[in-house]
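Worksheet for the structure shown next.
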Amino acid sequence: MPIIKFVDKIKLFILSVKNKINNIVDKIIGNISIKRSNNILQDSLDKKLVFNLSRSHFPTLKQLRKLPQFLSIKEKTTIKFLSLVICICLILLSINFYLNHIQIVPAVAGTYTEALVGSPQYINPLFCQANNVDADLAKLIYSGLLKYNDKTQKLEPDLCKKYEISKDQKVYTFYLRDNLLWQDNEPFTADDVIFTVELSKYKKIKSILGNSFEGVKIEKVDDKTVKFILEKPYAPFISILTFGILPKHIWEDVTSTNINLVKYNLEPIGSGPYKVESITKDSEGNIRSYLLTINDKYYSKKPFIKNISFIFFPSYVEAVEALKTRNVQGLSFVPIKMEKELENKEHLNNFSLPIQQYTALFLNQDKNDFLKNKEIREALSLAINKEKIVNSLLKNKANIVNSPILNAKWIDEKNKKHTFNPNKSKSLIESLKFTKKEDEKFYHKKITIDGKKQDKQLTVIITSANSELNDKITKMIKKYWEDIGVETKVELLENSEIKNRIEEKNYEILLYGEMTGFDPDPYQYWHSSQIKKGGLNLSNFSNQKVDKLLEEALATDDFKIRREKYNEFQKILNKETPAIFLYQPIYSYMIDNSIKGVKISNIVALSDRFSNISDWYIKTKKKFTFNSFSF
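The sequence shown begins at 1030 in our numbering and counts up by one.
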């Protein structure tokens, strides 16, 4: 034991001091002379006290008090020096002991306040994907069977303690942790998992999550075990299972007609690290803030930050101002144009995080006959200077991309990339017999329409959601394309109209962003089965070889095989150019440097910034330990 070693060393030190004193006493005894006769009695007593200094026992305090009468000046000086050395040694030993056994560790305390722009609507795992505010709150209040580790970029158990995948990759068995509880102290069981999945599949509630479970059966083995049974192997299935689980005992009486009105959409009860402590509303009943506190029923590592307060702002102008003045300690997203206002704020840490999303120009060949020519599509791609878009418009807050696969480990760098080459663009257009005179700005060509030849100008229309950034990007692309002789029109629409246009595939070229996930599976965006109304194949791209590659990639969990399939898929996209891939946005998350332990490296969705929330802390405390004893 370290403390025993310490005591032994103190004993050795005391013994050495004792021996030194004995040596001095021996010298004194040899030189003592008898004092005058009238002091005989006192002298005898003094002698007795001094001569009683024996090696067999340590001197008493009374004996030591008489000792100075028999010491020379030199001997007294020596004793004082030794005493000083002893004191210094004891002080140093105490300091060393303290430093080696006291650690500064995070304390459970403090409140972190973050600004969010917007307002909560459905803090519900079935609907929260449509609103970043909902997704942020749901991330902290609910938990799933699995969770994403941003450090390892791998999935790991969360509500489950382990899981198994059958050899045919069609049966996934999950074993729940022991003694799981909901925040209202009710037991968490396999019934809750089954209920959530079955509810998501119910068409009338229109949950985005439900599409992921089409054709999937879920069975209860016992209260702590649940099975998912697939019709055929689907490698990305495991990555879906991070969604939050709903408590059956609260939601089981809800119907499809009133599910959006249930109070638990705004007063959620989950199993995550935090629970709702209080909600603040204004005089009109609008929610102004949420206060979350640590869930004492949480099954995993509990957070150090005791409370998290979310304050809702109507716009980024107010939110950024609150961050500048330290009325809040973090902002969930900082627009590019506002970052300069915060650049010189030394109290802020800026985390720049690429998100799993790409922005592209989707070329709909069904709405513009010119786009059916591969040469025209390639010419449009070569005419765009992606680097300038990223540097000048996005202020380097984006990565240039050339395919819908974003994770570097899935990308073959040998795949040919379209580089900025406007001269080649013109050559490709002219190879299709398009012409223009010196005084003409745009190419045109005689085309037979209804049996008659007509001179038709090479024209395209870009459709996009109306935003300041999209306005700048479309204007820059318009200039690039008109510089190579392609007349370009732009229409910026409100989000509701964009949604309708996508539903009907009513656009020629769509500037739009698509989210990918933990798994790079591009099936829902590029398989021909997704051309149907409401499908997400935004280019209406149909290629039998691509369909086969995507299907084969889904049928195996072998990384090497899947990577080969996806690389072949990327080569075909590169050759056919059904879309022009532009950039991957980089998400800026600014947080006060008083918040410690924040380590964010990779995120799939914006709410993933809270993946390691249990490591964040504000206050510290001293902790005594023997684990690192050294003398």
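Quick reminder that beta carbons are idealized off the backbone N, C-alpha and C, glycines included.
| Check | Outcome |
| --- | --- |
| Residue 1598, DSSP secondary structure in three states | helix |
| Paired residues, beta bridge with residue 1010 - DSSP | With the chain covering only 1030 through 1660, there is no way to say anything about residue 1010. |
| Length-filtered (4 minimum) alpha helix (DSSP H) runs lying within the region 1228-1302 | 1266-1269 and 1277-1280 |
| Candidates 1566, 1462, 1557 and 1519: closest to residue 1533 by CA position | 1566 |
| When 1254, 1133, 1242 and 1554 are compared against residue 1568, the one with the closest alpha-carbon | 1554 |
| Inside the region 1101-1151 only - alpha helix (DSSP H) runs reaching at least 4 residues | 1102-1130 |
| Reduced DSSP category for residue 1097 - H, G, I as helix; E, B as strand; rest coil | helix |
| CB of residue 1245 within 8 angstroms of CB of residue 1259, strictly | yes |
| Which of helix, strand or coil DSSP assigns to residue 1317 | strand |
| Alpha helix (DSSP H) runs contained entirely in the region 1491-1552, provided each spans 4 or more residues | 1497-1512 and 1524-1533 |
| Residues near residue 1644 in its chain [Cβ-Cβ closer than 6 angstroms; skip 5 each side] | 1626 |
| For residue 1138 and residue 1648, the rounded distance between their alpha carbons | 6 angstroms |
| The region 1421-1433 / the region 1454-1472 touching (three or more Cβ pairs under 8 angstroms) | no |
| Cβ pair residue 1155, residue 1229 closer than 8 angstroms | yes |
| Residue 1332 (DSSP reduced to helix, strand or coil) | coil |
| Sequence-distant residues of its chain with Cβ nearer than 7 angstroms to residue 1500 (five each side left out) | 1521 |
| Any alpha helix (DSSP H) of 4 or more consecutive residues that is wholly inside the region 1357-1445 | 1403-1411 |
| Cα-Cα separation between residue 1515 and residue 1378, rounded to whole angstroms | 45 angstroms |
| Own chain partners of residue 1069 with C-beta closer than 6 angstroms, once the 5 adjacent residues on each side are dropped | Residue confidence for residue 1069 is low, a pLDDT of 47 falling below 50, so the modelled location carries little weight; the figure read from the coordinates is stated next. No residues qualify anywhere along the chain. |
| Run of the alpha helix (DSSP H) containing residue 1165, from where it starts to where it stops | 1161-1170 |
| Residue 1619 beta carbon less than 8 angstroms from that of residue 1360 | yes |
| Residue 1369 to residue 1363 span [Cα, whole Å] | 10 angstroms |
| Contained beta strand (DSSP E) runs [length at least 3] in the region 1572-1641, N- to C-terminal order | 1608-1621 |
| Start-to-end residues for the beta strand (DSSP E) that takes in residue 1476 | 1473-1478 |
| Backbone secondary structure at residue 1177 - three-state DSSP | strand |
| Residue 1485 - containing beta strand (DSSP E), residue span | 1481-1486 |
| Burial state of residue 1143 (16 or more Cβ within 10 Å) | buried |
| Beta-carbon proximity check, residue 1152 vs residue 1356, cutoff 8 angstroms | no |
| Start and end residues, beta strand (DSSP E) containing residue 1353 | It is not in any beta strand (DSSP E) - residue 1353 instead sits in the alpha helix (DSSP H) that spans 1345-1353. |
| Touch test, the region 1107-1114 against the region 1305-1317, Cβ-Cβ under 8 angstroms, three pairs minimum | no |
| Whole-number beta carbon distance between residue 1416 and residue 1490, since they are thought to touch under 8 angstroms | Actually they do not touch by this definition, with Cβ atoms about 25 angstroms apart. |
| Inter-stretch contact (C-beta, 8 angstroms, three-pair minimum) for the region 1336-1345 and the region 1126-1141 | yes |
| Cβ-Cβ distance between residue 1149 and residue 1163 below 8 angstroms | yes |
| Endpoints, alpha helix (DSSP H) assigned at residue 1016 | Given that the chain is displayed from residue 1030 to residue 1660, the structure contains no residue 1016 and the question cannot be resolved. |
| Validate contact between the region 1313-1333 and the region 1116-1129 using beta carbons, cut 8 angstroms, 3 pairs | no |
| Same chain only: Cβ atoms within 6 angstroms of residue 1209, ignoring 5 sequence neighbours per side | 1217 and 1328 |
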